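What follows is a set of notes on a single structure, which appears directly below.
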Amino acid sequence: MVKHINEQEFDLEVLKEKGVVVVDFFATWCGPCKMLAPVLEDVQSEMSDIKIVKINIDENQKAAETYGVTNIPTIKIFKEGKEVTTKVGFQHKDALIQMIKQSM
Numbered sequence: 001m002v003k004h005i006n007e008q009e010f011d012l013e014v015l016k017e018k019g020v021v022v023v024d025f026f027a028t029w030c031g032p033c034k035m036l037a038p039v040l041e042d043v044q045s046e047m048s049d050i051k052i053v054k055i056n057i058d059e060n061q062k063a064a065e066t067y068g069v070t071n072i073p074t075i076k077i078f079k080e081g082k083e084v085t086t087k088v089g090f091q092h093k094d095a096l097i098q099m100i101k102q103s104m
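Letter 6 of the sequence shown, counting from 1, is numbered 6 in full-length UniProt numbering, and no numbers are missing.
Given below as structure tokens:
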């Protein structure tokens with residue numbers, strides 16, 4: 001299951017996590033973000049060896065600023081606590097899986 005986190009949890013849930021973490025920066029009012037939500041759930045079900053988290057930019061503006069998020073949805077992939085790739089906009093399941101595999 002995709003976990004919702006806040007700025008205070010970002011360090012522990014993303015930066016200190018071993019392995020690959022996919023972070024979805026989103027907003028509740030964003031249409032493409034809503035379309036991406038079930039895609040992320042599907043990917044998480046298929047790829048149980050990775051972690052996927054979501055962070056609401058309206059409630060966590062500092063995190064969005066820190067990571068240069070100016071458009072949403074923004075997907076950032078971290079490996080061993082380091083950002084390795086970023087994609088902006090809606091991503092189809094196959095494209096997202098490919099992006100994750102390339103980051104592993």
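The C-beta atom is built at its ideal place from N, Cα and C for all residues, glycine as well. Everything numeric in this text was worked out from a predicted model, so none of it was measured.
According to DSSP, residues forming a beta bridge with residue i
| i | result |
| --- | --- |
| E83 | F78 |
| I55 | I5, F25 |
| V88 | T74 |
Alpha-carbon spacing of residue i relative to residue j, whole angstroms
| i | j | result |
| --- | --- | --- |
| K18 | G31 | 32 Å |
| M99 | A27 | 22 Å |
| L15 | L36 | 23 Å |
| V21 | K79 | 6 Å |
| F90 | D11 | 25 Å |
| I5 | V69 | 16 Å |
Where residue i sits in the DSSP three-state scheme
| i | result |
| --- | --- |
| V20 | strand |
| C33 | helix |
| S45 | helix |
Continuous alpha helix (DSSP H) stretch holding residue i: start and end
| i | result |
| --- | --- |
| Q102 | 93-103 |
| V69 | It is not in any alpha helix (DSSP H) - V69 carries neither H nor E in the DSSP assignment. |
Residue j beta carbon less than 8 Å from that of residue i
| i | j | result |
| --- | --- | --- |
| K54 | D24 | yes |
| I77 | S103 | yes |
| A95 | E7 | no |
| D42 | K82 | no |
| N71 | V84 | no |
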